[in-house]
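Basically the working numbering = 1-based index in the sequence shown + 16.
Built from N, CA and C at the ideal position, the CB exists for glycine as well.
Notes to accompany the following structure.
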Amino acid sequence: MRAWLCLFFILAACGAPAPRASTTPSLADPAMRPLAFMVGAWRADDGTIEIWTPAGDALFGVTFTGGGFECVVLSTVEGVPTYHAMPGGKRAVPFRLESVIAGGARFTNPSHDHPQLIRYARTGDTLVATVSMLDGTDPLSFRFTRVDLPAAPDLVEADRRFAADRDPIASGLAPTAATTGALGFTVGTTRPTPADTAPRRGAYVTIWRRQDDGTWSVLFDTGDDV
Numbered sequence: 017m018r019a020w021l022c023l024f025f026i027l028a029a030c031g032a033p034a035p036r037a038s039t040t041p042s043l044a045d046p047a048m049r050p051l052a053f054m055v056g057a058w059r060a061d062d063g064t065i066e067i068w069t070p071a072g073d074a075l076f077g078v079t080f081t082g083g084g085f086e087c088v089v090l091s092t093v094e095g096v097p098t099y100h101a102m103p104g105g106k107r108a109v110p111f112r113l114e115s116v117i118a119g120g121a122r123f124t125n126p127s128h129d130h131p132q133l134i135r136y137a138r139t140g141d142t143l144v145a146t147v148s149m150l151d152g153t154d155p156l157s158f159r160f161t162r163v164d165l166p167a168a169p170d171l172v173e174a175d176r177r178f179a180a181d182r183d184p185i186a187s188g189l190a191p192t193a194a195t196t197g198a199l200g201f202t203v204g205t206t207r208p209t210p211a212d213t214a215p216r217r218g219a220y221v222t223i224w225r226r227q228d229d230g231t232w233s234v235l236f237d238t239g240d241d242v
């Protein structure tokens, strides 16, 4: 059973802004702390939303664009922060941190088709994400502005029910891409319970879709062991 410890939740939908969650978990892994400049909710001019939230030793990124989503788990692999991109919930593609300076970071994967380079740069309340080939060709940039988004308290209850019902040693749900409807996500930490046959601490991110009757359905769920 997944024990719910802390939760940061944002609904990707239209509505009036609300204050940020009062408690935001910090990055526990010192190797990840230089990437703290990415934390927050960001909106592009085309309405794309990107949110970065720390939980446990990882930094979870969720992007909502139209009716689709992308999930990223940014955590250390052999001591190196690694950007695991899962567009639409697909199999993760790793990009290792190449360099980081104040307000900027570069992640690379020379063997990937496109992109091979992912760059983030922050200036004040503006975050720019650029994907390209390793030499900088074929670039595509996204300019985000920091925003406050409406919270979704009903997702807290949905997340708790999911935690209570889930198999204690399940590795995750089969990913399914969203196409329509309001999307949301929950991020939190886990701890072993007496029923867990493989006790471990970790953190998770779950992508949800609101159904026609107003309830929430899980689209994708993944995590990071601590």
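By DSSP's assignment, histidine 130 forms no beta bridge with any residue. Between the region 168-175 and the region 90-98 there are fewer than three C-beta pairs closer than 8 angstroms, too few to call the two in contact. Contact annotation: glycine 84 and glycine 63 have beta-carbon atoms that are not nearer than 8 angstroms.
Residue state for glutamate 94 is assigned as coil, using DSSP reduced to three classes. In this structure leucine 113 does not touch leucine 75 by the C-beta definition: roughly 11 angstroms separates them, more than the 8 angstroms allowed. For arginine 59, the uninterrupted beta strand (DSSP E) segment begins and ends at 56-60. Leucine 150 and alanine 101 have their C-alpha atoms some 17 angstroms from each other. Valine 172 sits in a helix when the DSSP states are folded into three classes. If you check the CB distance, alanine 71 and threonine 205 come in under 8 angstroms.
By DSSP's assignment, phenylalanine 178 forms no beta bridge with any residue. For alanine 71, the enclosing beta strand (DSSP E) covers residues 65-71.
Separation of isoleucine 223 and serine 127 (C-alpha to C-alpha, rounded to the nearest whole angstrom) is 28 angstroms. By the 16-neighbour rule on beta-carbons within 10 angstroms, glycine 77 is buried.
Per DSSP, reduced to three states, the secondary structure at methionine 149 is coil, with no helix or strand assignment.
No residue range can be given for valine 163, since it is assigned to no beta strand (DSSP E) and is classified by DSSP as neither H nor E. Spanning the alpha carbons of glutamine 132 and leucine 171 requires a straight line of approximately 35 angstroms. With respect to valine 234, valine 221 sits apart: the two C-beta atoms are not nearer than 8 angstroms. When the five nearest sequence neighbours on each side are left out, the beta carbons in the same chain lying within less than 7 angstroms of the beta carbon of alanine 137 are those of Gly119, Gly120, Val144, in order along the chain.
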